[in-house]
Amino acid sequence: MAFSKIEPFGEQRADIRSAIIAMTMANTWRSAKQQPLKITDFIPNFEPMQPKTENELKNILKNFQKA
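Per the working numbering, the very first residue in the sequence shown carries number 4; after that it's consecutive.
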């Protein structure tokens with residue numbers, strides 16, 4: 004308790020805990036053919052998104068159509 008006053012963990016620590024749980028659940032139910040997911044796949048990123056090029060947007064739409 005006293006340590007948390009000196010070195011507070013805050014919401015970033017909570018995001019990491021939630022990401023660990025989400026990663027564990029997702030990897031439990033993934034198929035053997037899929038690559039294991041990483042914790043970074045589940046940690047929120049609050050940095051502004053970079054604009055996408057026209058080709059990148061076309062590729063995204065093609066992938067949606069395949070799914």
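We put the CB at the ideal spot given by N, CA and C, even for glycine.
I46 versus I9, K8 and E14, residue with shortest Cα-Cα distance: E14
Cβ distance (whole Å) where N30 is taken to contact L40 below 8 Å: 6 Å
A17 - containing alpha helix (DSSP H), residue span: G13 to W32
Anticipated Cβ contact below 8 Å, I9 with I23, distance rounded: Not really, about 24 Å apart at Cβ, beyond 8 Å.
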